[in-house]
Amino acid sequence: MNSSRDNILNNLLKHSIENKPSEVVEKESHNPLNTKKKVESLKNMLESVRAEVHLLTSNSLNEWINSELPKRNLSRLLIGNNTIQSNLGLTFSDDFDVTFYTENIEKWKDKLFNKIDVGITTTTGAIARTGSLVLWPNSEEPRLISLVPDVHIAIVKVDEIYETFSEIVEKQNWSENMPTNALLISGPSKTADIEQVLAYGVHGPKELIVLIVS
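Taking numbering that gives the first Met the number 0, the leading residue of the sequence shown gets 0, the next gets one more, and so forth.
Right under this line is the structure:
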């Protein structure tokens, strides 16, 4: 019996050694995308999964938000804090009721879940080839901003669009500055029931609006 067991173990060991994966993973070979192509790829990939994408300049960002959102009856906004607003150069008109996420959630849970239309966040970057947004939720921009409201507006800087996930990890030096929570978003929240009927917004925002800013 021991002989049979040993034979089986030896065969398994031999098989595992013969099929041991290479420890060296070669980088994917392809023609690098220039900035224009990265923007196009990101936009096309996001739109293919029902996200809305707009190409703006830093000067037209304010104009788009202040003119477009009222047309959609979206006036109750949630943003991280004053620093985030200042860094983006955002100024909101009197048409909006702006809430800053500066207090413990228990103090304003009802407002978050019932009286907020739009959550506005920055992004750490985006991945052109997969159409993914990369967020690092933290105390300034908690995860709930991009999760709870029906509409999530994500602001992406053109110079922070990377070709692949491995590139953003390398270029942003994640190995030395690993986030506690890295979030990849590739479209609005969607799910399907047993009959494969798609529903949007069940487990997150039903609309994703991406503003790519140059």
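Backbone N, C-alpha and C fix where the C-beta goes; we use that ideal spot for every residue, glycine too.
Excluding the 5 residues flanking it on each side, R128 has same chain C-beta neighbours closer than 7 Å at S40, E162, T163, in chain order. With respect to the C-alpha of M177, the residue from V168, S185, I184 having the closest C-alpha is V168. Spatial neighbours of H53 in its own chain (CB-CB distance under 8 Å, excluding positions within 5 residues in sequence) are listed in chain order as W63, I208, V209, L210, I211. K205 and L8 have their C-alpha atoms spaced approximately 53 Å apart. Residue burial is scored here from C-beta neighbours: T120 has at least 16 other C-beta atoms within 10 angstroms and is therefore classed as buried. With contacts defined as CB atoms closer than 7 Å, L111 and V150 fail to qualify as a contacting pair. Checking the DSSP bridge columns, you'll see I119 partnered with I78, I152. N30 has its alpha-carbon roughly 35 Å from the corresponding atom of R142.
Distance from the CA atom of A50 to the CA atom of L73, rounded to whole angstroms, is 17 Å. DSSP places L73 in no alpha helix (DSSP H); its state is neither H nor E. Taking K42 as the centre and dropping the five residues before and after it, the same chain places the C-beta of V52 closer than 6 Å to its C-beta, in chain order.
For E169, there is no enclosing beta strand (DSSP E); the residue is part of the alpha helix (DSSP H) that begins and ends at 164–170. A distance below 7 Å separates the beta carbons of S185 and G130. Taken atom to atom, the span from the alpha-carbon of I78 to that of I154 is near 12 Å.
C-alpha of N103 to C-alpha of N137: approximately 13 Å in a straight line. The Cβ atoms of S145 and G118 sit closer than 7 Å to each other.
In this structure, N58 sits away from S92, with a CB-CB distance that is not shorter than 7 Å. Annotation: the continuous alpha helix (DSSP H) that includes V38 extends over 34–46. In the structure shown, F112 falls within a helical segment according to DSSP collapsed to helix, strand and coil. Of the residues L134, Q84, K37, the one whose Cα lies closest to the Cα of T101 is Q84. DSSP places L143 outside any beta strand (DSSP E); the residue lies instead in the alpha helix (DSSP H), whose first and last residues are 143–146.
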